[in-house]
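J.: Numbering (our numbering), first residue to last: 1 to 314. Provided herewith is a single structure, encoded as structure tokens, for subsequent inquiry.
Spelled out as structure tokens, the structure:
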């Protein structure tokens, strides 16, 4: 854990929308450790409120509920982490991603324009198109639209927006359906993970490093209206990740590459780490194998608690 930004964060009232998600859970804990007063908003709050933590049940699609929270609690800083990070191409995803990404972002931006905040931090996605290409999924289109709205609110209505683009984030507490968690859980359980060809190159970043960037973005001076990548700047294939996890888990099970088809139009993109380092004074600190080992340790404890950890892997 880093103390980056702690002195500037301490005592601030910070709203985390989407506090129940992977990023949100980690951010709530980091903000509490930094001495903030946290308003953790989600549709299904988990756990109880405690000192400096107020858990709030609300749907960010409900504009009246958001306005009420802003009027009653007056947050200093807002993190918009609501969304449905599903890169699938099913037609059924169009409306859910529109609501969970675009509508929630616009509702929060409206509230921040009416009840000014010190900083409004939202996220972009590595799934977004570059160079004017068409989006490749409903999620990508929704993220592009929500970021466009955020930048418009900064330019036209003076909302102090900062956009962060986390690259392929992994770590403890991530759902087991995500690639690193799926690999670890499968291999620790002695099951064969079914994968595509595994040739896609990805920029991986550990959750603690991403949280450092989130805290930096809340306090860095003069960065409003800008977008920052949070990644390593290095590309590693999914096949390589699977092989590393197999070694680190000491598993005899071999991943089944090619068991699933490759998804069309997948983007390969690395983070612009130079701009983020210069403007936010941020850079990743956790090496890939270290991050994988930390994630494996967490999953071992989870599986042991569930009673599903075999005596010997493989």
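Here a beta-carbon is modelled for each residue, glycine too, at the ideal position from N, C-alpha and C. Note that this is a predicted model, so its numbers are computed, not measured.
1. What distance in whole Å lies between the Cβ atoms of residue 204 and residue 232, which are believed to be in contact at a cut-off of 8 Å?
2. Once you ignore the five residues that flank residue 276 on each side, which residues in its own chain have a CB closer than 8 Å to its CB?
3. For residue 50, which residues does DSSP report across the bridge?
4. Just to confirm, are residue 145 and residue 102 a CB contact at a threshold of 7 Å?
5. What are the boundary residues of the alpha helix (DSSP H) that residue 295 is part of?
6. For the region 218-228 against the region 246-265, do three or more pairs of beta-carbon atoms, one drawn from each stretch, fall closer than 8 Å, so that the two count as touching?
7. Quick one, are the C-beta atoms of residue 38 and residue 17 less than 7 Å apart?
8. Just the C-alpha distance for residue 273 and residue 247, rounded to the nearest angstrom, thanks.
9. Quick check for students: name the residue ranges of the beta strand (DSSP E) that lie wholly in the region 103-158, counting only runs of 3 or more.
10. Should residue 140 be labelled buried (16 or more other beta-carbon atoms within 10 Å of its own) or exposed?
11. What residue from 15, 20, 7, 24 has the CA that sits closest to residue 211's CA?
12. Relative to the alpha-carbon of residue 239, which residue among 208, 250, 194, 116 has its alpha-carbon at the smallest distance?
13. DSSP on residue 59, reduced to helix/strand/coil?
14. Report yes or no: do the region 259-268 and the region 296-308 share at least 3 C-beta pairs separated by less than 8 Å?
15. Taking 7 Å as the cut-off, decide whether the C-beta atoms of residue 66 and residue 119 are in contact.
16. What residue ranges within the region 165-204 form continuous alpha helix (DSSP H) runs of no fewer than 4 residues, ordered along the chain?
17. Do you know offhand how far residue 10's Cα is from residue 32's?
18. Which residues in the same chain have their Cβ closer than 6 Å to the Cβ of residue 116, if we skip the five residues on either side of it in sequence?
19. Can you find the residues in the same chain that come closer than 6 Å, C-beta to C-beta, to residue 15, ignoring five residues on each side of it along the sequence?
T.: Walking through what the data contain:
1. Here residue 232 is taken as the residue at index 232 of the chain shown, counted from 1. Here residue 204 is taken as the residue at index 204 of the chain shown, counted from 1. Contact flag correct, Cβ pair sits at about 6 Å.
2. If you number the chain shown from 1, residue 276 lands on position 276. Within the same chain, Cβ atoms closer than 8 Å to the Cβ of residue 276 are found at 213, 228, 229, 230, 282, 283, the five residues on either side in sequence being excluded.
3. Looking up residue 50 in the chain shown gives position 50. In the DSSP output, where bridge partners are listed per residue, residue 50 has 53.
4. Taking the first residue of the chain shown as position 1, residue 145 is located at position 145. Taking the first residue of the chain shown as position 1, residue 102 is located at position 102. Going by C-beta atoms, residue 145 is nearer than 7 Å to residue 102.
5. Residue 295 sits at position 295 when you count from the first residue of the chain shown. Its alpha helix (DSSP H) spans residues 288-306.
6. They do not touch, by the three-pair rule.
7. One-based indexing of the chain shown puts residue 38 at position 38. One-based indexing of the chain shown puts residue 17 at position 17. At least 7 Å separates the beta-carbon of residue 38 from that of residue 17.
8. Your numbering for residue 273 matches position 273 in the chain shown. Your numbering for residue 247 matches position 247 in the chain shown. Going from the Cα of residue 273 to the Cα of residue 247 covers about 29 Å.
9. Complete beta strand (DSSP E) runs here, min 3: 119-123.
10. The residue given as residue 140 occupies position 140 in the chain shown. Classification of residue 140: buried, given that the 10 Å Cβ count is 16 or more.
11. For the purposes of this step, residue 211 is identified with residue 211 of the chain shown, where counting begins at 1. If you compare the alpha carbons of 15, 20, 7, 24 with that of residue 211, the shortest gap goes to 24.
12. On the chain shown, residue 239 is found 239 positions in, with the first residue counted as 1. Ranking 208, 250, 194, 116 by Cα distance to residue 239 puts 194 first.
13. The count along the chain shown starts at 1 and reaches residue 59 at position 59. Judged by DSSP in its simplified three-state form, residue 59 adopts coil rather than helix or strand.
14. The region 259-268 is not in contact with the region 296-308.
15. On the chain shown, residue 66 is found 66 positions in, with the first residue counted as 1. On the chain shown, residue 119 is found 119 positions in, with the first residue counted as 1. Cβ atoms of residue 66 and residue 119: not closer than 7 Å.
16. Along the length of the region 165-204, whole alpha helix (DSSP H) runs at least 4 residues long occupy 179-188, reported in chain order.
17. The residue labelled residue 10 in the question sits at position 10 within the chain shown. The residue labelled residue 32 in the question sits at position 32 within the chain shown. Cα to Cα, the separation comes out at about 9 Å.
18. Locating residue 116 in the chain shown gives position 116, counting from the first residue. Result list for residue 116: empty, nothing under 6 Å.
19. Counted from its first residue, the chain shown places residue 15 at position 15. Spatial neighbours of residue 15 in its own chain (CB-CB distance under 6 Å, excluding positions within 5 residues in sequence) are listed in chain order as 39, 75, 78.
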